[in-house]
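*Asks:*
Residue numbers (the UniProt record's numbering): 1 to 275.
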């Protein structure tokens with residue numbers, strides 16, 4: 001595959017997790033200063049700043065919200081708890097609509113016991129219940145498959161093939177996938193599955209895989225510092241028809257200890273060099 005570079009920042013999005021030291025206001029204003037046109041927001045940070053205030057900030061600055069993280073976490077031990085989680089996802093859909101984003105990212109959640117297949121069925125059951133609500137609010141739900149090392153504590157959906165299968169089963173225009181390079185780069189079928197996802201890719205997240213991995217959760221690297229074929233994966237996503245924002249999502253304490261504006265400068269440079 002011929003390597004075509006990105007020539008500008010028009011698709012670049014800061015996922016808030018990359019600069020965890022900033023609240024929503026600081027992140028939005030930082031993007032404005034840095035000329036980054038998109039931001040991926042997190043519900044907890046939006047709640048601390050205030051939903052209405054955050055919505056006002058994105059309107060006034062002109063920064064567009066690429067996605068809201070996160071919904072999901074559907075499996076639970078009791079019907080009451082599962083309903084509580086469905087209700088919370090409906091609130092997340094309302095928040096996404098208020099923030100004028102089109103995508104709510106779903107991290108589907110772990111099994112409450114050893115029955116991982118039952119947990120996967122709970123995910124599908126929950127989607128059946130919340131999709132009509134998403135339709136009403138004009139929000140699309142993006143299933144983000146996680147790396148298999150998170151199967152026990154974060155998501156029972158651990159491959160792009162699984163996520164594609166669910167999306168195809170529902171055949172709903174408001175349900176798709178979010179492809180995160182950290183979670184899928186290793187998969188022998190990743191390019192086949194990206195092509196299969198054509199028409200229902202709702203987001204593309206990037207970071208790098210460091211060697212050795214310094215931490216299971218907080219060990220993601222800045223683009224170019226690891227082993228992921230970022231440009232090749234981005235081109236495959238482009239070829240599958242996705243031309244939306246590209247979110248930089250890095251969980252790393254060393255990066256969180258840097259000044260936020262410095263992180264944005266590095267991020268912009270590495271994005272053009274490696275993505």
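For every residue, glycine included, the Cβ atom is placed at its ideal position computed from N, Cα and C. Everything numeric in this text was worked out from a predicted model, so none of it was measured.
Quick one: which unbroken beta strand (DSSP E) runs of 3-plus residues sit fully inside the region 133-197? Chain order, please.
*Replies:* Counting only runs of 3 or more, we get 140-143 and 175-180.
*Asks:* Between residue 283 and the rest of its own chain, which residues show a CB-CB distance below 6 Å, the 5 nearest in sequence each way excluded?
*Replies:* Outside the modelled stretch of the chain, which goes from 1 to 275, sits residue 283, for which no answer is possible.
*Asks:* For a minimum of 3 consecutive residues, which ranges assigned as the beta strand (DSSP E) are wholly contained in the region 98-136?
*Replies:* If we require 3 residues or more, the beta strand (DSSP E) runs fully inside the region 98-136 come out as 103-107.
*Asks:* So who's on the other strand from residue 204, going by DSSP bridges?
*Replies:* As a working mapping, residue 204 is identified with position 204 in the chain shown. The partner list for residue 204 (beta bridge, DSSP) reads 179 and 246.
*Asks:* Which residues in the same chain have their Cβ closer than 7 Å to the Cβ of residue 210, if we skip the five residues on either side of it in sequence?
*Replies:* Counting from 1 along the chain shown, the entry for residue 210 is found at position 210. So the list reads 219, 221, 225 and 226, once near-sequence residues are dropped.
*Asks:* Restricting to runs no shorter than 4 residues, where is the alpha helix (DSSP H) found entirely within the region 21-55?
*Replies:* Whole alpha helix (DSSP H) segments, 4+ residues: 24-34 and 43-49.
*Asks:* For residue 278, tell me which candidate among 162, 47 and 258 has the shortest Cα-Cα distance.
*Replies:* Because the chain here runs from 1 to 275, residue 278 falls outside it and cannot be looked at.
*Asks:* Would you mind working out which of 263, 268 and 147 sits nearest residue 37, comparing C-alpha positions?
*Replies:* Walking along the chain shown from the start, residue 37 turns up at place 37. Answer by Cα proximity: 268.
*Asks:* Shortest alpha-carbon distance to residue 32 belongs to which of 5, 44 and 61?
*Replies:* Along the chain shown, one-based indexing puts residue 32 at 32. With distances taken between Cα atoms, residue 32 lies closest to 61.
*Asks:* Identify the residues that DSSP records as bridge partners of residue 13: which are they?
*Replies:* Position 13 of the chain shown holds residue 13. DSSP, once it has assigned bridges, lists 38 and 247 as partnering residue 13.
*Asks:* Quick one: give me the first and last residue of the alpha helix (DSSP H) that residue 277 is part of.
*Replies:* With the chain covering 1 to 275 only, the question about residue 277 has no answer from this structure.
*Asks:* Determine the extent of the alpha helix (DSSP H) in which residue 233 is found, giving its start and end residues.
*Replies:* In the chain shown, residue 233 corresponds to position 233, counting from 1. 230-239 is the span of the alpha helix (DSSP H), which, as asked, contains residue 233.
*Asks:* Here's the rule I'm using: 16 or more other beta-carbon atoms within 10 Å means buried, otherwise exposed. How should residue 198 be labelled?
*Replies:* Counting from one through the chain shown, the residue named residue 198 turns up at place 198. With fewer than 16 other Cβ atoms within 10 Å, it is exposed.
*Asks:* Does DSSP put residue 209 in a helix, in a strand, or in coil?
*Replies:* Locating residue 209 in the chain shown gives position 209, where the first residue counts as 1. DSSP places residue 209 in strand when its eight states are reduced to three.
*Asks:* In this structure, how does DSSP classify residue 264 when only helix, strand and coil are distinguished?
*Replies:* Sequence index remark: in the chain shown, residue 264 carries index 264 (1-based). The answer is helix: DSSP assigns residue 264 an H, G or I state.
*Asks:* Can you name, in chain order, every residue of its own chain whose Cβ lies under 7 Å from the Cβ of residue 133, other than the five neighbours on each side?
*Replies:* Numbered from its first residue, the chain shown carries residue 133 at position 133. Contacts found: 90 and 93.
*Asks:* Is the beta carbon of residue 155 within less than 7 Å of some heavy atom of the ligand GDP?
*Replies:* As for the ligand GDP, it is missing from this structure, which has no ligand bound.
*Asks:* Can you give me the Cβ contacts of residue 111 inside the same chain, cut-off strictly under 6 Å, excluding the 5 residues immediately before and after it?
*Replies:* The residue you call residue 111 lines up with position 111 of the chain shown. Closer than 6 Å at Cβ, skipping near neighbours: 75, 119 and 156.
*Asks:* Give the single residue among 128, 152, 145 and 232 whose Cα lies nearest to the Cα of residue 170.
*Replies:* Along the chain shown, one-based indexing puts residue 170 at 170. Residue 170 has its Cα closest to that of 128, out of 128, 152, 145 and 232.
*Asks:* Considering residue 254, what are the terminal residues of the alpha helix (DSSP H) in which it resides?
*Replies:* For this step, residue 254 is matched to residue 254 along the chain shown. Here the alpha helix (DSSP H) through residue 254 covers 253-256.
*Asks:* Identify whether residue 65 lies in helix, strand or coil by the three-state DSSP scheme.
*Replies:* Looking up residue 65 in the chain shown gives position 65. DSSP places residue 65 in strand when its eight states are reduced to three.
*Asks:* What's the call for residue 138, buried or exposed, on a 16-neighbour Cβ count within 10 Å?
*Replies:* Sequence index remark: in the chain shown, residue 138 carries index 138 (1-based). Burial call: exposed.
*Asks:* When you compare the region 81-88 with the region 50-65, are there three or more beta-carbon pairs, one atom per stretch, that lie closer than 8 Å?
*Replies:* No, the region 81-88 is not in contact with the region 50-65.
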